[in-house]
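Residue numbers (the working numbering): 30 to 227.
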């Protein structure tokens with residue numbers, strides 16, 4: 030009797046090939062993941078820059094003061110009305126923007142970090158007779174850290190969007206705003222976006 034020759038692959042050979050293809054695909058995904066995370070952060074920074082330029086133009090046209098409230102995981106635009114800072118919620122682009130999970134914001138104003146470790150809670154200039162705002166009022170009408178002026182100027186700042194790539198390395202996208210109202214993504218050629226100002 031003539032023995033039949035085996036045709037095709039055994040199950041073990043097929044599984045081995047599938048495993049190797051899976052490992053190769055995951056290696057490619059991991060190397061691309063860091064670049065994608067960086068691009069995503071830069072896209073978030075560009076969205077902030079675009080919205081801020083729109084608001085700065087609106088400030089010049091309307092003559093109103095507008096501010097930007099920066100939190101650890103969000104930012105929003107506010108306008109000054111009747112002695113209080115109120116949210117600009119009417120426009121989808123200008124509504125409060127929550128960062129994606131794992132993305133945080135760091136803010137430096139005029140070369141000083143927003144929160145300073147040696148900062149004393151009481152100031153020499155505090156007036157004991159002025160009513161302090163309650164926590165609920167502060168939350169409802171927060172004071173902005175960045176001010177946009179009708180002259181087209183704004184508070185100088187450096188705002189960094191921070192996250193981690195798939196390997197746990199810190200990635201960042203920096204937005205620099207100067208007092209003349211110009212916005213830049215990164216310092217010089219540090220980021221792909223380059224100058225994005227007026």
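All C-beta atoms in this analysis are idealised placements derived from N, C-alpha and C, irrespective of residue type, glycine included.
Since the structure is predicted, the reported quantities are computational estimates derived from the model, not experimental observations.
Across which residues does DSSP place residue i in a beta bridge pair?
{"i": "residue 175", "result": "97"}
{"i": "residue 108", "result": "95, 115"}
{"i": "residue 206", "result": "186, 212"}
{"i": "residue 103", "result": "127"}
{"i": "residue 191", "result": "133, 201"}
Just how far apart, CA to CA, sit residue i and residue j?
{"i": "residue 148", "j": "residue 120", "result": "In this prediction, residue 148 scores a pLDDT of 45, lower than 50, which makes its location untrustworthy; the coordinate-derived value is nonetheless stated afterwards. Rounded to the nearest angstrom, the two C-alpha atoms are 36 Å apart."}
{"i": "residue 124", "j": "residue 81", "result": "12 Å"}
{"i": "residue 58", "j": "residue 172", "result": "In this prediction, residue 58 has a pLDDT of 49, which is less than 50 and means its spatial position is unreliable; what the coordinates show is noted afterwards. Cα-Cα distance, rounded: 42 Å."}
{"i": "residue 188", "j": "residue 44", "result": "49 Å"}
{"i": "residue 137", "j": "residue 181", "result": "20 Å"}
{"i": "residue 194", "j": "residue 134", "result": "16 Å"}
{"i": "residue 60", "j": "residue 196", "result": "Because the pLDDT of residue 60 is 46, which lies under 50, any placement of that residue in the model is unreliable, and the number read from its coordinates should be weighed accordingly. Rounded to whole angstroms, residue 60 to residue 196 spans 9 Å at the Cα level."}
{"i": "residue 73", "j": "residue 50", "result": "33 Å"}
Determine the DSSP secondary structure at residue i, reduced to helix, strand or coil.
{"i": "residue 116", "result": "strand"}
{"i": "residue 42", "result": "helix"}
{"i": "residue 128", "result": "coil"}
{"i": "residue 79", "result": "helix"}
{"i": "residue 36", "result": "coil"}
{"i": "residue 123", "result": "coil"}
{"i": "residue 181", "result": "coil"}
Considering only C-alpha positions, which residue in the set the options is nearest to residue i?
{"i": "residue 139", "options": "183, 195, 68", "result": "183"}
{"i": "residue 169", "options": "178, 115, 190", "result": "115"}
{"i": "residue 106", "options": "176, 192, 67, 71", "result": "176"}
{"i": "residue 130", "options": "101, 109, 117", "result": "101"}
{"i": "residue 199", "options": "67, 38, 110", "result": "67"}
{"i": "residue 179", "options": "88, 206, 46, 111", "result": "88"}
Going by beta-carbon coordinates alone, are residue i and residue j separated by less than 8 Å?
{"i": "residue 202", "j": "residue 71", "result": "yes"}
{"i": "residue 190", "j": "residue 132", "result": "yes"}
{"i": "residue 210", "j": "residue 85", "result": "yes"}
{"i": "residue 104", "j": "residue 93", "result": "no"}
{"i": "residue 206", "j": "residue 212", "result": "yes"}
{"i": "residue 97", "j": "residue 174", "result": "yes"}
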